[in-house]
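So for the sequence shown, the numbering used here puts the first residue at 3; every next one is plus one. The block underneath contains the structure these notes are about, expressed in structure tokens.
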Amino acid sequence: MTDQVKAGQMLQDKVILVTGAGRGVGRDIALLAASQGAKVVVNDLGGEADGEGADKTPAMEVVGDIKEAGGEAVANYGSVADFDTAQEMVQQAVDTYGRIDGVVNNAGILRDVIFHKMTEADWDIVIAVHLKGSFNVARAAATHFREQQSGAFVHMTSTSGLVGNFGQANYAAAKLGIVGLSKSLALDMSRFNVRSNCISPFAWSRLIGTIPIADDAQAARVEKIKAMTPAKIAPMAGYLLSDAASEVSGQIFGVRHNEIFLFGHPRPVRSVQRGEGWTPETIAEHAIPAMQANFAPLERSQDVFSWDPV
């Protein structure tokens, strides 16, 4: 165990950009990073849960909290959905602190609606903030990481994409896309000692609070989620940003209150072969019956994580 780990300063002198850091999970990650010795760029557009509006107050308050505790931080109010603005927020880190060592792609919005009622605008804005936003910020940092031969990406995914949920086709597609982005970053940038990992957070936040409650079962589930605070997510992000995680890349972790999960990646689970090839008829008669026992069930996140938070 290194002296830095012993001293609780695993991010000493590292420069970390956290997007969507004005509230919720991002706020707690920014606060923890600063408490671990990092210099933090606190990015937050200050929009509503659906992406509308802008307010500088959340980012300013987090910067104030960090400075009051003796840490170093600056605010950034840009939108991750804009490529040039993402370049600017990374450049702000470099201009202010001389380098950038880590990026937490946390910014997000929700536009939940059942699929047959989802509009193009509902789709576009969620993809733009979550998936394109993660690309924009990662791409801006990648050039600096390559030049300095080091760096760490932490991206927020969701069981909405990994498992499934009702009324979140836009969000689920974006969050599963982030998994693909993270794995590609891990592969493409491993030669430069750059790591990329995902966290699927279970936490009560402003965004989760917008999910409609349709029945007593959902209401009871929401009450259990409220026990899972955003502060529980921050330690995993802090670890993944630190040098202690130098051998950890391309992984998907879940954090649920005091539980940490390692998620699997899609891999073949069953195969069938026919020497003469396949027709639609033989697929129906042979292939599907042979594989059907191994089909993934049509589950939602709450079906898989059915026990109370530990």
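Glycine included, every Cβ here is placed at the ideal spot set by N, Cα and C. Computed from a predicted model, the values in this text were never measured in an experiment.
ask   = How many Å lie between Val-271 and Glu-283 at the Cα?
value = Numbered from its first residue, the sequence shown carries residue 271 at position 269. Numbered from its first residue, the sequence shown carries residue 283 at position 281. So the two alpha carbons sit approximately 23 Å from each other.
message = Can you find the residues in the same chain that come closer than 6 Å, C-beta to C-beta, to Glu-261, ignoring five residues on each side of it along the sequence?
response = Working through the sequence shown from its first residue, we reach residue 261 at position 259. Excluding sequence positions up to five before and after Glu-261, its CB lies within less than 6 Å of the CB of Val-312, all in the same chain and listed in chain order.
request  = Could you check if Gln-93 is buried or exposed, using at least 16 other CB atoms within 10 Å of its CB as the buried criterion?
outcome  = On the sequence shown, residue 93 is found 91 positions in, with the first residue counted as 1. Classification for Gln-93: exposed.
Cβ pair Ser-248, Ser-202 closer than 7 Å = Taking the sequence shown and counting its residues from 1, the one referred to as residue 248 is at position 246. Taking the sequence shown and counting its residues from 1, the one referred to as residue 202 is at position 200. The answer is no: Cβ separation not under 7 Å.
task = Taking only the alpha-carbon atoms, compute the straight-line gap between Lys-177 and Gly-72 and give it to the nearest angstrom.
result = For this step, residue 177 is matched to residue 175 along the sequence shown. For this step, residue 72 is matched to residue 70 along the sequence shown. Straight-line measurement puts the Cα of Gly-72 at about 35 Å from the Cα of Lys-177.
task = Determine the closest residue to Asn-107 out of Ile-68, Ala-77, Val-44, Ile-116, with distance taken between C-alpha atoms.
result = On the sequence shown, position 105 is the one that residue 107 refers to. In terms of CA proximity to Asn-107, Val-44 leads the group Ile-68, Ala-77, Val-44, Ile-116.
request  = Determine which residues share a DSSP beta bridge with Ile-2 and list them.
outcome  = Nothing in the structure corresponds to residue 2, since the chain is present only between 3 and 312.
query = Which residues bound the beta strand (DSSP E) around His-157?
reply = Within the sequence shown, residue 157 is the residue found at index 155, counting from 1. Unbroken beta strand (DSSP E) run through His-157: 153 to 158.
query = In or out: Asp-103 buried (at least 16 other Cβ within 10 Å) or exposed?
reply = In the sequence shown, counting from the first residue as 1, residue 103 sits at position 101. Buried: at least 16 other Cβ atoms inside 10 Å.
inquiry  = So for Ala-109, helix, strand or coil by DSSP?
reply    = The residue given as residue 109 occupies position 107 in the sequence shown. The three-state reading of DSSP puts Ala-109 in coil, since its state is none of H, G, I, E or B.
query = Can you give the beta carbon distance from Ala-99 to Val-17, rounded, assuming they're within the 8 Å contact cut?
reply = Residue mapping note: residue 99 aligns to position 97 of the sequence shown, counting from 1. Residue mapping note: residue 17 aligns to position 15 of the sequence shown, counting from 1. The amino acid occupying residue 99 in the given sequence is Tyr; Ala does not appear at that position. Contact flag correct, Cβ pair sits at about 4 Å.
request  = Reducing DSSP to helix, strand and coil, say where Gly-135 ends up.
outcome  = Walking along the sequence shown from the start, residue 135 turns up at place 133. Residue state, collapsed to three classes: helix.
query = What does a CB cutoff of less than 6 Å around Ile-31 pick up in its chain, not counting 5 residues either side in sequence?
reply = Residue mapping note: residue 31 aligns to position 29 of the sequence shown, counting from 1. Once the five neighbours on either side are set aside, the close Cβ partners of Ile-31 are Val-20, Val-106, Ala-236, Ala-239.
message = I believe Lys-58 touches Gly-48 by the beta-carbon criterion, under 8 Å. Please report the beta-carbon distance rounded to the nearest angstrom.
response = One-based indexing of the sequence shown puts residue 58 at position 56. One-based indexing of the sequence shown puts residue 48 at position 46. Taking C-beta atoms under 8 Å as the contact rule, Lys-58 and Gly-48 qualify, at a distance of about 6 Å.
key: Arg-29 - containing alpha helix (DSSP H), residue span   = For the purposes of this step, residue 29 is taken as residue 27 along the sequence shown, with counting starting at 1. Its alpha helix (DSSP H) spans residues 26 to 37.
ask   = According to DSSP, is Ile-201 helix, strand or coil?
value = Numbered from its first residue, the sequence shown carries residue 201 at position 199. Residue state, collapsed to three classes: strand.
request  = Drop a sphere of 10 angstroms on the beta-carbon of Ala-23, count the other beta-carbons inside from all chains shown, and report buried for 16 or more, exposed for fewer.
outcome  = Locating residue 23 in the sequence shown gives position 21, where the first residue counts as 1. It counts as buried.
query = If we ignore side chains and look at the alpha-carbon of each, how far apart do Ser-251 and Glu-287 end up?
reply = Here residue 251 corresponds to residue number 249 of the sequence shown, with the count starting at 1. Here residue 287 corresponds to residue number 285 of the sequence shown, with the count starting at 1. If I take the Cα positions, the gap works out to 42 Å.
key: Other residues of its chain near Gln-365: CB distance less than 6 Å, five sequence neighbours each side excluded   = Because the chain here runs from 3 to 312, residue 365 falls outside it and cannot be looked at.
ask   = Does DSSP put Ala-286 in a helix, in a strand, or in coil?
value = Taking the first residue of the sequence shown as position 1, residue 286 is located at position 284. Ala-286 falls in the helix class under three-state DSSP.
ask   = Under 6 Å from any heavy atom of the ligand FAD, does the C-beta of Glu-54 make it?
value = For the ligand FAD, the structure offers nothing, since it holds no ligand at all.
message = Judging by CA-CA distance, which residue of Val-274, Thr-231, Asn-138, Glu-54 is the nearest neighbour of Leu-187?
response = On the sequence shown, position 185 is the one that residue 187 refers to. Here the closest residue by C-alpha is Asn-138.
task = Within the same chain, show all residues whose beta-carbon is closer than 7 Å to that of Lys-134, passing over the 5 residues directly before and after it, in chain order.
result = As a position in the sequence shown, residue 134 is number 132, starting the count at 1. If we look at Lys-134 and ignore the five residues flanking it on each side, its Cβ neighbours are Ala-83.
message = Is the beta carbon of Asp-114 closer than 7 Å to that of Gln-151?
response = Locating residue 151 in the sequence shown gives position 149, where the first residue counts as 1. Locating residue 114 in the sequence shown gives position 112, where the first residue counts as 1. Using a Cβ distance threshold of 7 Å, Gln-151 and Asp-114 do not count as a contacting pair.
message = Considering only their Cβ atoms, is the gap separating Ala-289 from Val-306 smaller than 7 Å?
response = The sequence position of residue 306 within the sequence shown is 304, counting from 1. The sequence position of residue 289 within the sequence shown is 287, counting from 1. At a Cβ-Cβ threshold of 7 Å, Val-306 and Ala-289 do not count as neighbours.
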